[in-house]
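Residue numbers (the working numbering): 4 to 322.
The C-beta atom is built at its ideal place from N, Cα and C for all residues, glycine as well.
Input: a single structure, listed below in structure tokens.
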């Protein structure tokens with residue numbers, strides 16, 4: 004088939020927003036489509052067969068619109084847009100950029116960064132019980148804490164409860180040094196880091212001391228009724244079925260619960276005992292309950308995290 008060319012204009016677009024430092028996004032595209040994309044001045048020159056040129060034209064149209072909106076395009080964005088391939092994604096990015104949940108103490112806006120996070124955020128806004136399920140690095144905990152902090156600042160709730168099952172993976176809690184709080188610290192550190200990021204350490208410690216924010220092992224929830232609160236259960240894949248039922252029945256008036264977990268990282272024996280898997284099976288069609296699923300495309304940590312998860316998944320499938 005005859006090779007064709009097409010020229011697209013980059014006029015009015017900051018190349019740094021589109022291609023990144025040292026044109027790393029352009030290098031990524033060249034690895035995917037060798038020799039098909041050349042940038043000269045304000046022009047993008049596409050070379051290839053008609054189908055490939057049409058696909059890249061649609062892709063660059065989205066990319067240009069996103070960059071013109073003031074968003075720096077990441078490798079994750081490149082991969083997502085190429086996979087979707089059906090256009091209309093620039094408006095999704097524009098909407099995400101408007102969805103500021105809360106601002107950190109450093110002035111950074113916390114908002115959904117992927118379409119999966121966007122769906123998760125919308126679920127939290129619309130439902131009193133949300134299950135966020137996805138691999139490590141998809142921002143499940145951070146976004147949930149951001150929503151809770153925003154609600155506390157808006158005075159729509161009185162308290163935040165952050166709960167995690169204490170399940171030991173290779174090291175016994177009893178052998179760790181220090182008092183109980185010191186022993187618990189490694190389990191709740193991701194939650195504390197998120198709170199410090201959004202409210203500052205001094206403010207967070209003060210709210211913990213007066214009981215406005217409570218971080219505790221799941222077992223401490225037994226027998227309590229949680230009113231006017233945001234309740235976040237993290238690492239929910241490590242709850243038993245009885246623990247999950249106990250937690251879900253703690254909700255009181257004006258309470259919202261977010262349950263986060265990764266069903267590929269269950270530390271229980273046997274894994275089938277996981278309360279998250281049970282809840283997924285029996286609650287997915289219950290009115291008022293929403294399950295939000297994220298995948299590798301929603302990973303917002305270092306780009307290597309996505310590749311590592313893909314490699315482990317491939318190895319597991321081969322086994």
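Based on the DSSP output, what are the partners of residue 12 in its beta bridges?
-> 46
For residue 216, I'd like the list of residues in its chain whose CB is within less than 6 Å of its CB, leaving aside the five on either flank, ordered along the chain.
-> 163 and 210
Bridge partners of residue 7, per DSSP?
-> 51
Please state if the CB of residue 69 and the CB of residue 296 are separated by a distance shorter than 9 Å.
-> no
For the beta strand (DSSP E) that residue 217 lies in, which residues bound it at each end?
-> 216–220
Identify whether residue 133 lies in helix, strand or coil by the three-state DSSP scheme.
-> strand
Is residue 138 buried or exposed, if buried means 16 or more other CB atoms sit within 10 Å of its CB?
-> buried
Just the C-alpha distance for residue 51 and residue 33, rounded to the nearest angstrom, thanks.
-> 13 Å
Give the single residue among 231, 40, 227 and 10 whose Cα lies nearest to the Cα of residue 151.
-> 231
Using three-state DSSP, classify residue 292 as helix, strand or coil.
-> strand
In three-state DSSP terms, what is residue 152?
-> helix
For residue 234, the first and last residue of its enclosing beta strand (DSSP E) | 232–236
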